[in-house]
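Novice: I have a structure here, written as structure tokens, and I will follow up with some questions on it.
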Amino acid sequence: MSAHRRFAEVSKAKDPRGTIARLLPYFAPHVGGLGLICVLLVVGTLAELAGPYLIGLAVDAFISPSGSAGPAWLAALLGPGADRRAGLSLVMLMLAVSYLVIWAMNVVQFRLMVRVAQKVLLTMRTQIFEHIQALSLSFLDTQKAGDLMSRLSNDTQVINDMFGPGLMRILRMMLGLVGIALSMLALNWRLALASYAILPIIVLATVSFSRRARKAFRQTRKTIGKVSAELQENIAGVREVQAFSREARNVIEFQVINERNRLANVEAQTLMSAFMPLLDVLSTSAYAIVVGCGGYLILNYDPPLVSVGVIVSFLAYVQRFYRPIRELSQLYGQLQSAMAGAERIFELLGAEPAIVDAPHALELPSVKERVEFDHVFFRYVEDEPVIQDVSFAIEPGQTVALVGPTGAGKTTLAHLLVRFYDVDQGALRVDGRDVREVTKSSLRGQIGLVLQDTFLFSGTVADNIRYGRLEATDDEVVEAARLANAHQFIQRLPKAYDTEIGERGARLSHGNRQLLAIARAILKDPGILVLDEATSSVDTRTELLIQRALAHLLEARSSLVIAHRLSTIRNADHILVIDEGRIVERGTHESLLALGGVYHGLYMSQFRRRERVEPEPEPGASVRA
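Residue numbers for the sequence shown follow this note's numbering, beginning at 3 and rising by one.
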């Protein structure tokens with residue numbers, strides 16, 4: 003199925019222009035702030051252009067022994083009778099003012115751009131997070147959490163660094179290049195054309211470098227994502243790592259991945275280290291061209307075609323002309339890294355959810371009638387069926403239990419009911435409505451789900467119980483905990499319901515985590531209840547506490563219960579025995595035992611084992627509709 007393909011398998015040829023086009027809408031809401039930044043950039047650029055001109059003017063008009071009177075506007079400012087000292091002082095004052103304007107413009111520009119960039123970063127990360135939340139399990143099951151986290155955090159930060167202050171620097175330098183080129187042409191077109199002589203060489207070198215750099219920096223973003231994925235996986239599974247003494251082996255595997263990232267960065271930086279010295283040599287040669295051509299225009303013409311002051315201005319302009327080119331080349335590495343990060347982000351945003359609401363999906367009203375599986379077929383992978391022609395119904399208030407060996411398809415049926423996946427053939431109906439014709443939120447809002455691998459979130463005990471019903475009062479939270487037989491152990495915690503339980507509930511035992519998960523389902527008060535191995539990993543005493551709570555919870559609810567411990571479902575209204583995706587037996591506990599088939603064999607093997615280590619549950623403690 004296409005939804006299961008990894009990013010690396012579905013990625014297309016990279017399109018820098020398309021990537022930039024997709025980035026622009028993020029900046030569109032901030033067009034006012036960006037417009038003000040552009041105005042400030044123009045003012046700052048004009049102030050920067052004034053500096054070399056004023057220095058050359060000072061040399062020609064007031065420092066050179068054969069100095070001229072200067073331009074008319076300067077003579078008008080000085081007034082009649084002003085000496086050279088006064089003129090030089092005025093030009094130096096104007097130069098100081100230009101530097102002050104440059105400083106002020108840069109400060110304001112930077113602050114405005116940082117605000118815009120942070121808002122863009124906020125929008126982008128929120129959109130990515132929202133998109134990941136909406137993606138289907140069929141997609142997320144094939145991805146590494148660490149790589150997704152790298153796209154959400156690292157790649158967005160690289161984009162922020164580049165298209166925030168970095169973008170402002172690029173715009174300022176581009177404006178400066180255009181302004182300097184025009185200023186040099188206005189001062190002396192012959193000297194200007196000579197100064198531009200090395201530009202074609204720089205352009206050719208940059209184009210050649212960019213083609214190789216883009217690939218290199220894309221590889222650095224890809225490998226750092228794999229490093230993040232490996233770190234996240236090993237931190238999350240640290241108990242298993244230590245329990246199986248995998249530390250040394252995992253370090254070796256991490257070193258391999260980390261080495262690939264190192265090599266990718268070395269390749270990218272090697273390209274930069276070869277390119278930047280070339281730019282230094284080319285930009286330095288521009289000074290020699292200005293001095294040589296300027297001297298020629300002075301020595302070989304009478305009157306000279308250029309003044310000493312103009313040459314001084316040109317030297318300053320050339321420095322400012324090729325310095326931005328060098329800095330742009332340095333920023334090019336950051337730009338390529340940002341573009342690679344943006345490509346990875348848009349690759350993620352381009353992943354479409356497999357489970358979406360139909361165009362005219364309806365809100366599912368409160369569940370009152372039956373849940374029906376009608377000739378359902380399903381597969382995760384093409385030509386590998388997991389569910390085959392399964393049909394059964396859960397009437398209002400009934401409990402239907404699923405039993406069978408691991409991998410038989412029991413959990414998959416529960417996932418289909420919650421619509422984590424859609425059936426391939428057949429139909430799944432709730433109150434006579436196909437679940438594909440109602441909104442996901444209205445369907446899932448009426449289902450309470452307790453999974454085998456209980457997942458709790460960082461926060462307090464109360465936060466986790468209230469997770470599916472945020473408006474619940476404290477009294478309702480406590481009552482749900484009482485019904486789940488969790489109140490007693492919660493009261494023993496340091497801060498009771500306000501106790502922080504750590505990431506994934508790490509500070510609680512497995513049994514207590516399951517009790518909280520059941521309390522969470524009780525508080526939600528769903529019309530349909532799904533218990534997937536809800537008591538499969540707890541001790542007998544905890545199991546009895548849970549079963550007594552569930553006996554009350556399951557009243558008047560359509561319930562689907564999956565358990566390996568057959569004692570937990572002996573009083574269910576119907577028991578379905580699943581094997582290789584098919585229903586091979588169905589009936590009540592007593593009728594299936596009398597049948598002497600698969601269920602009878604499972605029951606006898608389990609209770610022979612359990613009778614050796616623990617007593618059977620008390621009568622009435624098992625799941626009851």
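Each residue gets a CB set at the ideal place from its N, CA and C atoms; glycine is no exception.
Does the beta-carbon of residue 338 have 16 or more other beta-carbons within 10 angstroms, so that it is buried, or is it exposed?
Specialist: Buried: at least 16 other Cβ atoms inside 10 Å.
Novice: Measuring CA to CA, which of 164, 290, 189, 150 is closest to residue 58?
Specialist: 189
Novice: Rounded to a whole number of angstroms, what is the C-alpha to C-alpha distance between residue 315 and residue 136?
Specialist: 60 Å
Novice: Could you pull out every residue in the same chain whose Cβ sits closer than 8 Å to the Cβ of residue 8, ignoring the five residues on either side in sequence?
Specialist: Low confidence applies here, because residue 8 scores a pLDDT of 46, under 50, leaving its location unreliable; read the following figure in that light. Counting only Cβ-Cβ distances below 8 Å, and skipping sequence neighbours, we find 144, 145.
Novice: Starting from the Cα of residue 573, find the closest Cα among 508, 408, 434, 402 and give me that residue.
Specialist: Taking only the C-alpha atoms, the option nearest residue 573 is 402.
Novice: Hey, is the stretch 423-431 in contact with the stretch 402-411, meaning 3+ C-beta pairs nearer than 8 Å?
Specialist: No: fewer than three Cβ pairs fall under 8 Å.
Novice: Could you pull the DSSP bridge partners for residue 588 from this structure?
Specialist: 578
Novice: Looking only at DSSP bridge pairs, what is residue 452 linked to?
Specialist: 533
Novice: Report the rounded CA-to-CA distance for residue 312 versus residue 79, giving the unit in angstroms.
Specialist: 21 Å
Novice: Hey, could you find the ends of the beta strand (DSSP E) residue 2 is sitting in?
Specialist: The displayed coordinates of the chain run from 3 to 627. Any statement about residue 2 would go beyond what the structure contains.
Novice: Please classify residue 39 as buried or exposed, where buried requires at least 16 other C-beta atoms within 10 Å of its C-beta.
Specialist: buried
Novice: Tell me which same chain residues have a C-beta within less than 6 Å of the C-beta of residue 277, skipping the five on either side of it?
Specialist: The beta carbon of residue 277 sits closer than 6 Å to those of 211, all from its chain and outside the five residues before and after it, given in chain order.
Novice: Restricting to Cα atoms, I'd like to know which of 372, 366, 43 is closest to residue 442.
Specialist: Of the residues 372, 366, 43, the one whose Cα lies closest to the Cα of residue 442 is 366.
Novice: Confirm, please, whether the CB-CB distance from residue 265 to residue 204 is below 8 Å.
Specialist: no
Novice: Using only CA atoms, which one of 571, 342, 398 lies nearest to residue 222?
Specialist: The residue from 571, 342, 398 with its alpha-carbon nearest to that of residue 222 is 342.
Novice: Helix, strand or coil for residue 462, going by three-state DSSP, please let me know.
Specialist: strand
Novice: Look up residue 401 in the DSSP assignment and say whether it is helix, strand or coil.
Specialist: When DSSP states are grouped into helix, strand and coil, residue 401 belongs to the strand group.
Novice: Between which two residues does the beta strand (DSSP E) holding residue 560 run?
Specialist: 560-564
Novice: Measure the CB-CB distance between residue 528 and residue 400 and report whether it falls below 8 Å.
Specialist: no
Novice: If you pair each beta-carbon of the stretch 145-161 with each one of the stretch 222-233, do three or more pairs fall below 8 Å?
Specialist: yes
Novice: Would you mind sorting residue 511 into buried or exposed? The rule is 16 or more other CB atoms within 10 Å of its CB.
Specialist: Note on residue 511: under 16 other CB atoms within 10 angstroms of its CB, so exposed under the neighbour-count rule.
Novice: Leaving out the 5 sequence neighbours to the left and right, which residues in its chain are closer than 7 Å to residue 73 when beta-carbon positions are compared?
Specialist: none
Novice: Residue range of the alpha helix (DSSP H) that residue 101 falls in?
Specialist: That run of the alpha helix (DSSP H) goes 86-136.
Novice: Distance, Cα to Cα, residue 357 vs residue 435?
Specialist: 17 Å
Novice: Would you mind working out which of 301, 486, 462 sits nearest residue 503, comparing C-alpha positions?
Specialist: 462
Novice: Is the separation between the beta-carbon of residue 373 and that of residue 432 shorter than 8 Å?
Specialist: yes
Novice: Closest to residue 410 by CA distance: which of 478, 336, 579 is it?
Specialist: Residue 410 has its Cα closest to that of 579, out of 478, 336, 579.
Novice: From what residue to what residue does the alpha helix (DSSP H) around residue 173 run?
Specialist: Counting along the chain, the alpha helix (DSSP H) containing residue 173 begins and ends at 169-189.
Novice: In chain order, what residues of the same chain lie with their CB nearer than 6 Å to the CB of residue 533, ignoring the 5 residues before and after it?
Specialist: 452, 563
Novice: Hey, residue 295 and residue 193 are a contact pair by Cβ (cut 8 Å); roughly how many whole angstroms apart?
Specialist: The distance from the Cβ of residue 295 to that of residue 193 is about 6 Å, consistent with a contact at the 8 Å cut-off.
Novice: Helix, strand or coil, according to DSSP, for residue 422 in the structure here?
Specialist: coil
Novice: CB-CB under 8 Å to residue 308, same chain, minus the five flanking residues each way: which ones, in chain order?
Specialist: 190, 192, 193, 296, 299, 300
Novice: So what does residue 374 bridge to, in DSSP terms?
Specialist: 395, 431
Novice: Would you say residue 523 and residue 456 are within 8 Å of each other, going by their C-beta atoms?
Specialist: no
Novice: From the DSSP output, read off the bridge partner residues of residue 380.
Specialist: For residue 380, which the question treats as bridged, DSSP gives the partners 389.
Novice: Please report how far the alpha carbon of residue 54 lies from the alpha carbon of residue 76, in whole angstroms.
Specialist: 16 Å
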